[in-house]
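Below is one structure, written out as structure tokens, with a few remarks after it.
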Amino acid sequence: MEYLIMRRSNWRRIGVIGALLCSFFFPVVSSAQNNRSKKRTTSINFEDELIEGNVKKPELLYLLQKKQFNFKRLINLRDDFIPEMRQTAEDLHGERSGN
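Just so we're aligned, residue 0 is where the sequence shown starts under numbering that gives the first Met the number 0, counting upward by one.
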């Protein structure tokens with residue numbers, strides 16, 4: 000019996016060592032594949048072209064309006080919310096027990 004226990008623990012050790020070796024081996028293989036690939040670069044020459052344009056920035060009035068917006072008017076607190084939720088829970092509980 001002791002022989003079987005020792006044999007199982009040896010297999011566990013071998014499995015743990017194998018898992019550790021695999022965890023060290025696979026990152027090395029993947030990094031070796033990345034090193035072989037060539038990086039593609041694209042160069043654009045603008046020496047012969049004239050580029051005209053305007054820089055667009057947000058207007059100050061837009062930013063000020065956004066800061067002064069009152070979100071409190073969107074929130075509507077109801078006094079009957081909790082009793083309504085209790086009633087809904089009771090209705091659902093009644094439907095389940097009735098079936």
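Virtual Cβ for every residue (Gly too), placed ideally from N, Cα, C.
Check                                                                                                 : Outcome
Output the distance between the C-alpha atoms of I16 and N9, rounded to the nearest integer angstrom. : 11 Å
Let me know the secondary structure DSSP gives K71 once reduced to three states.                      : helix
Could you tell me the distance, in whole angstroms, from the CA atom of E94 to the CA atom of L76?    : 29 Å
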